[in-house]
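Asks: Residue numbers (my numbering), protein chains in the order written: chain A, 480 to 730; chain B, 1212 to 1641.
All C-beta atoms, glycine included, are put in the ideal place defined by N, C-alpha and C.
Next up, the structure:
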């Protein structure tokens, strides 16, 4: 076992008296895909938003690469090479794909002006790798399909050499073909040694994509299992009942 | 959403697309031309005389300068109702600095070469600071911009009043007054030189943009179309200079100018006004603001925040500081407009800039700035200001009653937004 690149230790956060995340710990190793499962409101998205800097934890520690990390904003998370692809696709609809890809990290020329041509050329390059059908580089991303928008969001994470990639429901808005494209991409990124945290409702998809699945319920961690050690039914039971076996007598 | 391919057919490249002309802008220019032609007919040709074009231009400058800043404010989904009042405070501060503070406390009399520049610097500082304070209240303390600037509308209007005790302050410094329009023009020769240089710069900019595209292997329009655009732009610039240069300074005024220098006016002497310095200022601001909007990170962040504030925040953009910067820019532009407006009137009057907030917002909105955020252009806002001013002064020339003038301007504002909404729906933009 290699050392984890991300260690979340005893993380808690409350919103107005509700413990959205209650004393949760989670480890991710390089080249590992960890799936976070659970009902709506189980605290999965809240947990990863703490890692990505969108929320600030009330207590607990985040360790990155064996060092304690202080993540207070999305910018801090980026400094630790953490990239997040949000469920709601954090894209500015009125801007084109290159502007979105480089948002917050624009390439500039010698005069300090943003270099649109260079950014467009770079976008073209990375898109040729991720989604060869992608051609609409000049149009606002509001004119793109769900899959094309998702490729822009993924390209943003890949281009800047993320070491830790968080994907919140990356395939929720996609069709069959585009879902497969994302799955292939996850495999490729995993083989490059990225640590990936994946959130999804689709248990079967998670069993295929992930090495490890962690189940949350009511803000607490129910358990973490290697996918080869559990069945889909057992995972479902953890999600619904909060324990691995539906009925203790049956075993 | 599904994986089905985009249903829209392959884009047909019609003439407008080949020339890369913004259809929306073209519509506005057409509307402007139609307004001018109609008024020209109604006034028996008095609307499009050199003299009226000159006046129209200098009347537009103050509102147009502020409208460029309002674009940024509205693009980020805010509003600034305090621009007219802030202009009044800046104008009061500058007038008091010139006529009272500097002579009284520093012993610099009106007419001293340093006076106008110190006054302008003080005005800029006050405008920028007050704008930044409003931006801080909006960005960091999360008070809606509507409320902050509605309060500002009352506060700044009356701060100016309080400072001057409501009195008209004048006359102002002669150098200061050169920024007003008719009192400061380049004259014929320099106007032509400026026009020629501007044409060359515009052509060079278009050419280097094309070269940059070729370097990166992007599609470019046919070379003929490029030349045609250059010719069009050049003709536009030189035509404008020609019109301004045809406005002769009245003989009586020339005589006074010679008398002021203690000389006798030669027989048959004539001179034209040429390009006003205030217009030069507007052009410089328009170029600077367009560069900021299109070519800087600040501009990119302004538009990104307008399009999706959450996305901007999650991309690591400090949207609170951005709000402060935007309102500070707006404040600085109010101060520059205050220079132009008070210099044009040759004094500071208590009601300077009254209702300017509405003209400025209307100019930005008519110019295509979407109140839902994320869309807007600097040149559109300036064209919007020009359309508003043409309507206003055109109706005044025709002799439309004052209440009817405002009714028409109000209706045009609402109609312009309606047309814009319909246009955007058709184009499938928003």
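Just the Cα atoms here: how many angstroms apart are residue 535 of chain A and residue 553 of chain A?
Replies: 10 Å
Asks: Can a CB atom of chain A be found closer than 9 Å to the CB of residue 1369 of chain B?
Replies: no
Asks: Can you tell me which of B:1326, B:1371 and B:1252 puts its alpha carbon nearest to the alpha carbon of residue 1293 of chain B?
Replies: B:1371
Asks: Straight-line CA distance for residue 644 of chain A to residue 674 of chain A?
Replies: 6 Å
Asks: Could you tell me whether the Cβ of residue 583 of chain A comes closer than 9 Å to any Cβ of chain C?
Replies: Given the protein chain composition of this structure (A and B), no chain C is represented.
Asks: Within 10 Å of its beta-carbon, does residue 712 of chain A have 16 or more other beta-carbons around it, so buried, or fewer, so exposed?
Replies: exposed
Asks: Is it right to say residue 1471 of chain B is buried, meaning 16 or more other beta carbons lie within 10 angstroms of its own, or is it exposed?
Replies: exposed
Asks: Considering only residues of the same chain and omitting the five flanking positions on each side of residue 484 of chain A, which have a CB-CB separation below 8 Å?
Replies: If we look at residue 484 of chain A and ignore the five residues flanking it on each side, its Cβ neighbours are 507, 508, 509, 543, 544, 642, 643 and 674.
Asks: Give a yes or no on whether the C-beta atoms belonging to residue 1554 of chain B and residue 1394 of chain B are separated by under 9 Å.
Replies: In this structure, residue 1554 of chain B sits near residue 1394 of chain B, with a CB-CB distance shorter than 9 Å.
Asks: Would you say the beta carbon of residue 1537 of chain B is closer than 8 Å to some non-hydrogen atom of the ligand ADP?
Replies: Although the ligand ADP was asked about, the structure shown includes no ligands whatsoever.
Asks: Using a C-beta to C-beta distance shorter than 8 Å, which residues of chain B count as neighbours of residue 553 of chain A?
Replies: 1524, 1525, 1526 and 1527
Asks: Going residue by residue through the region 576-648 of chain A, where are the continuous beta strand (DSSP E) segments of at least 3 residues, counting only ones entirely within it?
Replies: 643-647
Asks: Could you tell me whether the Cβ of residue 1427 of chain B comes closer than 9 Å to any Cβ of chain A?
Replies: yes
Asks: Using a Cβ-Cβ cutoff of less than 6 Å, which residues in the same chain neighbour residue 1361 of chain B once the five nearest sequence positions on both sides are dropped?
Replies: 1292
Asks: If I follow the unbroken beta strand (DSSP E) through residue 494 of chain A, where does it start and stop?
Replies: 485-494
Asks: Rank B:1289, B:1537, B:1549 and B:1384 by C-alpha distance to the C-alpha of residue 1296 of chain B and give the top, closest one.
Replies: The shortest C-alpha separation from residue 1296 of chain B is found at B:1549.
Asks: When you compare only the Cα positions, how much space is there between residue 651 of chain A and residue 631 of chain A?
Replies: 15 Å
Asks: Taking residue 561 of chain A as the reference, which of A:577, A:541, A:593 and A:599 has the closest Cα?
Replies: A:541
Asks: Helix, strand or coil for residue 1466 of chain B per DSSP?
Replies: helix
Asks: Would residue 1267 of chain B pass as a contact of residue 1597 of chain B if the rule is Cβ separation under 9 Å?
Replies: The answer is yes: Cβ separation under 9 Å.
Asks: Please state if the CB of residue 1515 of chain B and the CB of residue 1343 of chain B are separated by a distance shorter than 9 Å.
Replies: no
Asks: Got a sec: which bits of the region 602-616 of chain A sit with their beta carbon under 7 Å from any beta carbon on chain B, in order along the chain?
Replies: none
Asks: Can you check whether the CB of residue 691 of chain A is closer than 9 Å to the CB of residue 514 of chain A?
Replies: Yes, the pair counts as a contact, with Cβ atoms nearer than the cut-off.
Asks: For the beta strand (DSSP E) that residue 1473 of chain B lies in, which residues bound it at each end?
Replies: Per DSSP, residue 1473 of chain B belongs to no beta strand (DSSP E) and is neither H nor E.
Asks: Cβ of residue 1260 of chain B less than 9 Å from any chain A Cβ?
Replies: no
Asks: Would a check of beta-carbon distances place residue 599 of chain A closer than 9 Å to chain B?
Replies: yes
Asks: Just to confirm the assignment: which complete alpha helix (DSSP H) runs, minimum length 4, are found wholly within the region 1542-1630 of chain B?
Replies: 1567-1577 and 1589-1609
Asks: Here's a check: name, in chain order, each residue in its chain whose Cβ is nearer than 6 Å to the Cβ of residue 1340 of chain B, leaving out the five neighbours to either side.
Replies: none
Asks: 9 Å is my cut-off, CB to CB: does residue 593 of chain A come that close to chain B?
Replies: yes
Asks: Just curious, the beta strand (DSSP E) that residue 704 of chain A is in, first and last residue?
Replies: Counted as a single uninterrupted DSSP element, the beta strand (DSSP E) harbouring residue 704 of chain A occupies residues 699-705.
Asks: Work out the CA separation of residue 1385 of chain B and residue 1236 of chain B for me, nearest whole Å.
Replies: 38 Å
Asks: When the Cα atoms are used, what is the spatial distance from residue 546 of chain A to residue 575 of chain A?
Replies: 37 Å
Asks: Using beta-carbon positions only, say whether residue 1567 of chain B and residue 1274 of chain B come within less than 9 Å of one another.
Replies: yes
Asks: Given that residue 638 of chain A touches chain B, what residues does it touch there, using C-beta distances under 7 Å?
Replies: Under the 7 Å cutoff, chain B gives no residues; its nearest Cβ is about 13 Å from residue 638 of chain A.
Asks: Can you have a look at residue 708 of chain A and say buried or exposed, based on whether 16 or more other CB atoms are within 10 angstroms of its CB?
Replies: exposed
Asks: DSSP three-state call for residue 1430 of chain B: helix, strand or coil?
Replies: Coil.
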